[in-house]
DNA sequence: ATCTGTTATATGACTAACACATATATTATA
DNA sequence: TATAATATATGTGTTAGTCATATAACAGAT
């Protein structure tokens with residue numbers, strides 16, 4: 034299973050454990066943060082997501098569905114923008130409720146990072162410490 | 034949605050965004066690491082998981098199914114232990130392949146932590162920096 | 001003896017996030 | 001007129017996670 038690797042020197046490691054290890058729903062806080070910075074439409078959000086995060090492509094299906102769900106939950110509101118060229122854009126802006134939700138996400142994310150650190154500490158204590166060996 | 038919170042001083046925040054923000058399949062590397070430290074049966078792993086990580090209860094259903102899957106994938110192997118009191122225990126030990134998989138997981142987890150940091154940096158740059166305000 | 005609690009493993013059913021494919025319409029450009 | 005880029009959207013299947021429940025061995029109490 035997976036490619037072999039012991040190097041421990043994070044080289045490639047691509048396509049191993051597909052889907053695993055990622056943060057559940059991580060697109061959600063990103064969308065809210067990007068919308069907090071400024072209102073935007075789906076396609077633009079997709080591109081902005083693709084830049085900072087090297088998330089593999091930022092699936093449009095998931096993105097548009099998430100925005101729809103956000104609107105249904107009152108976290109964002111939208112309006113059509115027909116100005117400019119190309120097809121009409123549905124422009125989203127974040128609501129106060131969306132802001133609160135974003136802040137709540139941040140608390141969760143900090144907690145998640147602590148959990149990761151706890152795991153990595155335990156891992157290193159076992160594999161990189163003088164005794165315990167192996 | 035959710036409880037209100039602006040305090041920014043991570044107080045309770047319980048049961049908000051249920052399930053979201055957690056690392057997908059995070060039980061997997063934990064199980065492999067615990068088994069790398071020493072062979073164990075499911076129930077024991079459940080208790081050891083519940084200690085370090087304050088994961089809410091470490092669902093037995095998921096745990097046993099994951100161990101089964103691991104065995105099917107050759108990451109662990111098991112044998113029955115009928116010695117001692119109580120019902121028989123299925124004792125798992127990690128295989129070489131399981132070890133490799135664990136190391137691969139660690140690479141993924143480090144990458145995930147970097148993604149979290151990138152998000153938090155972006156968040157703080159917007160909400161905690163002097164300008165940008167709001 | 002029976003009842004309750006602990007240890008121990010396991011299945012069933014449902015949800016949500018995600019992955020991948022595809023449909024659609026508009027506009028620009030080759 | 002064909003192709004590509006922009007833009008939004010649906011359909012379908014997979015998997016981790018959640019919650020409930022079933023089963024069984026054994027210990028101690030009443």
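Residue numbers (my numbering), protein chains in the order written: chain A, 34 to 167; chain B, 34 to 167.
Glycine residues also receive a C-beta, built at the ideal position from the N, C-alpha and C atoms.
Keep in mind the model is a prediction, meaning the values are calculated, not measured.
Beta carbon of residue i nearer than 9 Å to that of residue j
i: residue 125 (chain B); j: residue 73 (chain B); result: yes
i: residue 139 (chain A); j: residue 156 (chain B); result: yes
i: residue 135 (chain A); j: residue 65 (chain A); result: yes
Cα-Cα separation between residue i and residue j, rounded to whole angstroms
i: residue 61 (chain A); j: residue 144 (chain A); result: 16 Å
i: residue 121 (chain A); j: residue 147 (chain B); result: 36 Å
i: residue 141 (chain A); j: residue 53 (chain A); result: 18 Å
i: residue 99 (chain A); j: residue 105 (chain A); result: 10 Å
i: residue 103 (chain A); j: residue 151 (chain B); result: 23 Å
i: residue 69 (chain A); j: residue 149 (chain B); result: 18 Å
i: residue 123 (chain A); j: residue 111 (chain A); result: 6 Å
i: residue 15 (chain B); j: residue 128 (chain B); result: Missing from the structure shown is residue 15 (chain B); chain B here goes from 34 to 167 and no further.
i: residue 130 (chain B); j: residue 58 (chain A); result: 30 Å
i: residue 101 (chain B); j: residue 161 (chain B); result: 47 Å
i: residue 51 (chain A); j: residue 137 (chain B); result: 11 Å
i: residue 63 (chain A); j: residue 119 (chain B); result: 49 Å
i: residue 82 (chain B); j: residue 115 (chain B); result: 23 Å
i: residue 84 (chain A); j: residue 67 (chain A); result: 12 Å
i: residue 37 (chain A); j: residue 117 (chain A); result: Unreliable positioning characterises residue 37 (chain A) in this predicted model, as indicated by a pLDDT of 39, which lies under 50. A coordinate reading is not provided.
i: residue 71 (chain B); j: residue 80 (chain B); result: 14 Å
i: residue 97 (chain A); j: residue 93 (chain B); result: 35 Å
Buried/exposed call for residue i, threshold 16 Cβ in 10 Å
i: residue 113 (chain A); result: exposed
i: residue 107 (chain B); result: exposed
i: residue 55 (chain A); result: buried
i: residue 95 (chain A); result: exposed
i: residue 75 (chain B); result: buried
i: residue 154 (chain A); result: exposed
i: residue 133 (chain A); result: buried
i: residue 41 (chain A); result: Here residue 41 (chain A) scores only 36 on pLDDT, less than 50, and its place in the model is too uncertain to base an answer on.
Beta carbon proximity, residue i to chain B, threshold 9 Å
i: residue 142 (chain A); result: yes
i: residue 126 (chain A); result: no
i: residue 145 (chain A); result: yes
i: residue 153 (chain A); result: yes
Chain A contact for residue i (CB, 9 Å cutoff)
i: residue 37 (chain B); result: Caution is warranted here: a pLDDT of 38 is assigned to residue 37 (chain B), below 50, making its placement in the model unreliable, and the coordinate value is therefore given only provisionally. Answer yes: the Cβ-Cβ gap between residue 37 (chain B) and chain A drops below 9 Å somewhere.
i: residue 138 (chain B); result: yes
i: residue 69 (chain B); result: yes
i: residue 34 (chain B); result: Only weak support exists for where residue 34 (chain B) lies, its pLDDT of 41 falling under 50; the coordinates are left without a value.
i: residue 92 (chain B); result: no
i: residue 61 (chain B); result: yes
i: residue 166 (chain B); result: In this prediction, residue 166 (chain B) scores a pLDDT of 49, lower than 50, which makes its location untrustworthy; the coordinate-derived value is nonetheless stated afterwards. No, because no Cβ of chain A sits closer than 9 Å to the Cβ of residue 166 (chain B).
i: residue 77 (chain B); result: no
Span of the beta strand (DSSP E), counted from its first residue to its last, around residue i
i: residue 122 (chain B); result: 122 to 127
i: residue 112 (chain A); result: 109 to 114
Limits of the alpha helix (DSSP H) - the one that residue i falls within
i: residue 98 (chain A); result: 93 to 105
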